[in-house]
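> Residue numbering for the sequence shown is 4 to 611, as defined by our numbering.
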Amino acid sequence: MCGIVGYTGSQQAAPILLDGLKKLEYRGYDSAGIAILNDGAIKVDKVSGRIANLCELTEEGKKCPGTIGIGHTRWATHGAPTDTNAHPHLSNDGRFAVVHNGIIENYICLREELIGKGYHFDSETDTEVIVHLIEMYYRGDLRRAVIKTSARLSGSYALGVICTDKPDTICVAREASPLILGVGAGENYFASDVTALVANTRNAIYLDDGEFAEITPDGVTVFDPAGQTITKKISRITWDIEAAEKGGYEHFMLKEIIEQPRAVKATITPRIKDGKIVLDEIEWSREYLESINKIVITACGSAYYAGCAAKYTIEKLCRIPVSVELASELRYSDPLIDEHTLLIVLSQSGETADTIAAMKECKSRGARTLAIVNVVGSTIAKLADDTLYTWAGPEIAVATTKGYTTQVCVLYLVAVYIARTLDKLEDADYYHHLSSMLTLPKKVQEALDMNPKIPKMAKKYHATKSMFFIGRNTDYAIALEGALKMKEISYIHAESYAAGELKHGTIALIEEHQPVIALCCNTALMEKTLSNIVEVKARGAEVLAVAFKGNQEILSQADDVIFIPKIDTLFSAVVEIVPMQILAYYVAKENGCDIDKPKNLAKSVTVE
Ligand code: F6R
4 MCGIVGYTGS QQAAPILLDG LKKLEYRGYD SAGIAILNDG AIKVDKVSGR
54 IANLCELTEE GKKCPGTIGI GHTRWATHGA PTDTNAHPHL SNDGRFAVVH
104 NGIIENYICL REELIGKGYH FDSETDTEVI VHLIEMYYRG DLRRAVIKTS
154 ARLSGSYALG VICTDKPDTI CVAREASPLI LGVGAGENYF ASDVTALVAN
204 TRNAIYLDDG EFAEITPDGV TVFDPAGQTI TKKISRITWD IEAAEKGGYE
254 HFMLKEIIEQ PRAVKATITP RIKDGKIVLD EIEWSREYLE SINKIVITAC
304 GSAYYAGCAA KYTIEKLCRI PVSVELASEL RYSDPLIDEH TLLIVLSQSG
354 ETADTIAAMK ECKSRGARTL AIVNVVGSTI AKLADDTLYT WAGPEIAVAT
404 TKGYTTQVCV LYLVAVYIAR TLDKLEDADY YHHLSSMLTL PKKVQEALDM
454 NPKIPKMAKK YHATKSMFFI GRNTDYAIAL EGALKMKEIS YIHAESYAAG
504 ELKHGTIALI EEHQPVIALC CNTALMEKTL SNIVEVKARG AEVLAVAFKG
554 NQEILSQADD VIFIPKIDTL FSAVVEIVPM QILAYYVAKE NGCDIDKPKN
604 LAKSVTVE
């Protein structure tokens with residue numbers, strides 16, 4: 004996720020900005036840059052890759068004289084991670100430089116408008132429209148130009164702007180992206196994150212959405228969209244640096260679990276516009292979709308399970324057969340794939356070696372490929388014919404959480420999109436599905452809020468040697484991911500079974516006090532799963548059930564129940580997995596495991 008910093012004072016700005024950017028490295032980034040205002044001109048240095056490259060280019064900032072500047076680490080969203088797309092961005096007249104954290108959703112129409120007015124664009128970024136709008140609106144008052152520009156933007160932004168006419172002033176603005184002012188003595192700062200501030204000052208002002216500020220060496224002034232000054236409280240930062248990086252959470256995994264409503268919203272909402280699904284990034288004609296006779300989904304680990312969960316939705320809505328294949332198997336299976344196969348490749352990192360190999364194998368047999376990836380410009384994104392990004396932001400914990408849920412969300416969008424294009428959905432069903440998908444961020448938040456007792460349940464179950472996860476249909480697919488979460492971070496042996504399969508063997512393993520996690524959110528099959536619960540309970544199992552709020556029947560059958568908000572079964576995986584992630588997290592915590600870096604595992608598996 005992008006990070007921004009700024010400084011104005013009496014010291015050389017560049018080394019302070021570089022230090023601040025290094026503190027933001029943990030957020031994930033693929034390019035970095037700084038802009039320094041000195042002697043009436045702005046000099047920009049920016050490079051793709053690590054901050055170390057920027058330090059080398061600027062000789063640790065020594066080559067950049069000047070006491071005011073802004074800096075940025077970019078995590079590519081719009082446009083590949085290149086030098087040109089890196090921030091800061093300069094106006095055509097060279098008078099303004101901007102750094103931006105967030106996404107400008109209406110940048111395409113703003114870009115067209117600005118090009119029509121004669122502005123030229125250097126980068127492919129959404130951000131560049133901001134600096135040209137500021138130049139367009141500037142009439143000698145930077146504050147006014149920034150306010151007018153902000154009024155044109157939809158989406159999220161934390162902005163830092165410098166202007167050659169104001170040699171000691173930085174103007175900042177915030178809407179739905181964090182922005183914090185650091186208050187010093189004779190020098191002041193801003194950053195997207197307190198981590199970049201604490202080495203310099205512990206006095207902070209947290210801007211709220213819709214607020215702006217002017218920062219000079221002598222002080223900071225905060226104002227509202229009408230330009231009226233507002234008085235803000237100065238807070239004391241008490242976090243140490245490591246805690247600050249995790250946003251106050253004990254582990255990245257917990258932070259990323261909590262971030263899911265935002266990640267799901269960022270992935271779904273911009274793709275449902277004016278009552279229809281808009282997948283700008285792909286070009287599938289109706290003729291092409293009619294020519295497909297099967298869809299193959301391939302991936303590894305949790306990404307594979309994301310495919311398993313969405314298979315039901317795709318088949319139900321599109322009536323096209325879907326097979327979900329482990330990439331490590333598919334690559335060596337002499338697969339039955341041709342130009343009538345749509346291959347969907349799922350990968351958070353976009354660099355998983357087996358997934359890349361399977362993709363190449365299927366491409367060589369004629370399949371058209373759609374990649375669903377989180378990291379922009381990654382190998383899988385580049386290899387694919389079409390790419391849809393999950394806007395989860397960087398995932399740092401090794402065990403994926405928001406990576407998985409956003410992959411499932413994109414597959415839901417694809418399912419409804421294909422079904423509609425092929426006329427398999429009546430208007431009423433189509434609109435019903437769109438509104439179900441739009442409620443997902445809220446439902447995920449409710450699933451987080453409804454379960455304060457999970458840490459207590461973890462204390463009850465953490466000492467077990469093994470756990471079974473059971474479910475049917477969609478519940479089974481979610482059980483697969485639930486069991487993987489449990490085993491990889493808590494080191495407890497956890498297996499998932501299709502509930503109907505128990506009596507074909509596995510039930511022999513059930514004995515007194517064996518924990519069984521029973522997923523019961525597939526309404527049509529609830530009664531069937533309840534009979535499986537009765538079977539295992541009769542053999543001494545302790546059952547922890549996951550069910551929709553309001554399900555009274557489950558209370559009399561299970562020992563413990565986790566409730567989630569009711570949601571159409573077609574889209575339930577994204578909500579239902581959340582308490583499973585939390586349970587795994589707290590069980591691992593009880594067991595004293597290294598949650599963010601489980602033993603033997605790596606975040607990106609770039610070897611076979
Ligand atoms: C489990 C986990 C892994 C990944 C798998 C694929 O929590 O994170 O199973 O899902 O290694 O990784 P990507 O999605 O980067 O291809």
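Even glycine gets a Cβ: it sits at the ideal position worked out from N, Cα and C.
Straight-line CA distance for Val608 to Val401?
Along the sequence shown, one-based indexing puts residue 608 at 605. Along the sequence shown, one-based indexing puts residue 401 at 398. When the Cα atoms are used, Val608 and Val401 turn out to be separated by approximately 11 Å.
> Are the CB atoms of Ala89 and Thr61 within a distance shorter than 9 Å?
Working through the sequence shown from its first residue, we reach residue 61 at position 58. Working through the sequence shown from its first residue, we reach residue 89 at position 86. Not closer than 9 Å, so no.
> How far does the alpha helix (DSSP H) with Pro582 in it reach, from first residue to last?
Within the sequence shown, residue 582 is the residue found at index 579, counting from 1. Ala576 to Glu593 is the extent of the alpha helix (DSSP H) around Pro582.
> Measure the alpha-carbon distance for Asn56 versus Gly31 and round it to whole angstroms.
The residue given as residue 56 occupies position 53 in the sequence shown. The residue given as residue 31 occupies position 28 in the sequence shown. Each residue's Cα considered, the two are about 15 Å apart.
> Among residues of its own chain, excluding the 5 on either side of Lys169, which ones have a beta-carbon nearer than 6 Å to its beta-carbon?
The count along the sequence shown starts at 1 and reaches residue 169 at position 166. Around Lys169: Leu145.
> Skipping 5 residues on each side, what residues in its chain have a beta carbon closer than 7 Å to that of Arg274?
Counted from its first residue, the sequence shown places residue 274 at position 271. Taken in chain order, the residues that qualify are Ile280, Val281, Leu282 and Leu416.
> Any idea which residues DSSP pairs Pro68 with across the strands?
Taking the first residue of the sequence shown as 1, we reach residue 68 at position 65. Per DSSP, none; premise fails for Pro68.
> Compute the beta-carbon to beta-carbon distance between Ser469 and Ile495, rounded to the nearest angstrom, for a pair I have assumed lies under 8 Å.
What you label residue 469 is simply residue 466 of the sequence shown in a count that begins at 1. What you label residue 495 is simply residue 492 of the sequence shown in a count that begins at 1. Contact flag correct, Cβ pair sits at about 7 Å.
> Following the continuous alpha helix (DSSP H) through Gly485, name the residue where it begins and the one where it ends.
For this step, residue 485 is matched to residue 482 along the sequence shown. Bounds of the alpha helix (DSSP H) holding Gly485 are Thr477 to Ser493.
> Quick check on the burial criterion: 16 or more other C-beta atoms within 10 angstroms. Buried or exposed for Ile237?
In the sequence shown, the residue the question calls residue 237 occupies position 234. The residue in question, Ile237, is exposed, as its Cβ has fewer than 16 Cβ neighbours within 10 Å.
> Are the CB atoms of Ala309 and Tyr209 nearer to each other than 9 Å?
Position 306 of the sequence shown, counting from 1, holds the residue named residue 309. Position 206 of the sequence shown, counting from 1, holds the residue named residue 209. Not closer than 9 Å, so no.
> At a threshold of 8 Å, does Gly310 count as lining ligand 1 (C-beta to nearest heavy atom)?
Mapped onto the sequence shown, residue 310 falls at position 307. No, the beta carbon of Gly310 sits no closer than 8 Å to any heavy atom of ligand 1.
> If I follow the unbroken alpha helix (DSSP H) through Arg205, where does it start and stop?
Position 202 of the sequence shown, counted from the start, is the residue given in the question as residue 205. That residue, Arg205, is in no alpha helix (DSSP H); it is neither H nor E in DSSP.
> What does Ile150 pair with, by DSSP beta-bridge criteria?
Translated into positions along the sequence shown, residue 150 becomes position 147. Looking at the DSSP assignment, Ile150 forms no beta bridge with any residue, so it has no partner.
> Per DSSP, Thr372 forms a beta bridge with which residues?
Numbered from its first residue, the sequence shown carries residue 372 at position 369. Partner(s): Leu346.
> Am I right that Ala544 and Ile513 are in contact with their C-beta atoms under 8 Å? What's the rounded C-beta distance?
Counted from its first residue, the sequence shown places residue 544 at position 541. Counted from its first residue, the sequence shown places residue 513 at position 510. Sure, about 5 Å apart at Cβ, within 8 Å.
> Which same chain residues, not among the five before or five after Ile19, have their C-beta less than 6 Å away from its C-beta?
Taking the sequence shown and counting its residues from 1, one reaches residue 19 at position 16. Within the same chain, Ile19 has close Cβ partners Tyr10.
> Just mark Thr232 as buried or exposed, buried being the case when its beta carbon has 16 or more other beta carbons within 10 Å.
For the purposes of this step, residue 232 is taken as the residue at position 229 of the sequence shown. Exposed: under 16 other Cβ atoms inside 10 Å.
> Using the Cβ count rule (16 or more neighbours within 10 Å means buried), how would you classify Ile118?
Stepping through the sequence shown from its first residue, residue 118 is reached at position 115. Burial call: exposed.
> Looking only at its own chain, which residues have a Cβ that is under 6 Å from the Cβ of Arg423, when we skip the five neighbours before and after it?
In the sequence shown, counting from the first residue as 1, residue 423 sits at position 420. Excluding positions up to five away in sequence, the list reads Tyr433.
> May I ask you to report which of helix, strand or coil DSSP gives Gly23?
Within the sequence shown, the letter at position 20 stands for residue 23. In this structure, DSSP gives Gly23 a helical state, which the three-state scheme calls helix.
> Could you check whether the Cβ of Leu27 sits closer than 8 Å to any heavy atom belonging to ligand 1?
Counting from 1 along the sequence shown, the entry for residue 27 is found at position 24. No - ligand 1 has no heavy atom lying nearer than 8 Å to the Cβ of Leu27.
> Out of Ile598, Tyr291 and Glu259, which one is the CA nearest neighbour of Glu398?
Position 395 of the sequence shown, counted from the first residue, corresponds to residue 398. Looking from the CA of Glu398, the closest CA among Ile598, Tyr291 and Glu259 belongs to Glu259.
> Considering only DSSP beta bridges, list what Tyr392 is partnered with.
Translated into positions along the sequence shown, residue 392 becomes position 389. Beta-bridge pairing links Tyr392 to Val376.
> Here's the rule I'm using: 16 or more other beta-carbon atoms within 10 Å means buried, otherwise exposed. How should Cys166 be labelled?
Counted from its first residue, the sequence shown places residue 166 at position 163. Flag for Cys166 reads buried.
> In chain order, what residues of the same chain lie with their CB nearer than 6 Å to the CB of Phe472, ignoring the 5 residues before and after it?
For the purposes of this step, residue 472 is taken as the residue at position 469 of the sequence shown. The answer, listed in chain order, is Ala482, Gly485, Ala486, Ser499 and Ile520.
> Just the Cα atoms here: how many angstroms apart are Ala587 and Val577?
As a first step, residue 587 must be located in the sequence shown, where it is residue number 584. As a first step, residue 577 must be located in the sequence shown, where it is residue number 574. Answer to the nearest angstrom: the Cα atoms are 16 Å apart.
> Kindly indicate which three-state DSSP category Cys5 falls into: helix, strand or coil?
Against the sequence shown, residue 5 aligns to sequence position 2. Here Cys5 sits in coil by DSSP.
> Do you know how far the Cα of Trp287 is from the Cα of Pro84?
Residue 84 sits at position 81 when you count from the first residue of the sequence shown. Residue 287 sits at position 284 when you count from the first residue of the sequence shown. Going by the C-alpha atoms only, they are around 26 Å apart.
> Shorter than 8 Å, the distance from the beta carbon of Gln15 to the closest heavy atom of ligand 1, or not?
Against the sequence shown, residue 15 aligns to sequence position 12. For ligand 1, not one heavy atom lies less than 8 Å from the Cβ of Gln15.
> With a 10 Å radius around its C-beta and 16 neighbouring C-beta atoms as the bar for buried, classify Gln555 as buried or exposed.
The residue given as residue 555 occupies position 552 in the sequence shown. By the 10 Å Cβ count, Gln555 comes out exposed.
> Check whether the Cβ atoms of Ala374 and Ile340 sit closer than 9 Å, and answer yes or no.
Looking up residue 374 in the sequence shown gives position 371. Looking up residue 340 in the sequence shown gives position 337. Taking 9 Å as the Cβ cut-off, Ala374 and Ile340 do not qualify as a contacting pair.
> Return the chain-ordered list of same chain residues with a C-beta closer than 8 Å to the C-beta of Tyr29, the five sequence neighbours on each side being excluded.
Taking the first residue of the sequence shown as position 1, residue 29 is located at position 26. Excluding residues within five positions, the ones whose Cβ falls inside 8 Å are Thr198, Glu248 and Ile399.
> Alpha carbon to alpha carbon, how far is Asp562 from Ile457?
Reading the sequence shown from its first residue, position 559 is the one you call residue 562. Reading the sequence shown from its first residue, position 454 is the one you call residue 457. Roughly 14 Å between the two C-alpha positions.
> Is there at least one non-hydrogen atom of ligand 1 closer than 8 Å to the beta-carbon of Lys531?
Position 528 of the sequence shown holds residue 531. No - ligand 1 has no heavy atom lying nearer than 8 Å to the Cβ of Lys531.
> Let me check you understand the geometry: is the CB of Val608 closer than 8 Å to at least one non-hydrogen atom of ligand 1?
Residue numbering aside, residue 608 sits at position 605 when the sequence shown is read from its first letter. Within the cutoff, so yes.
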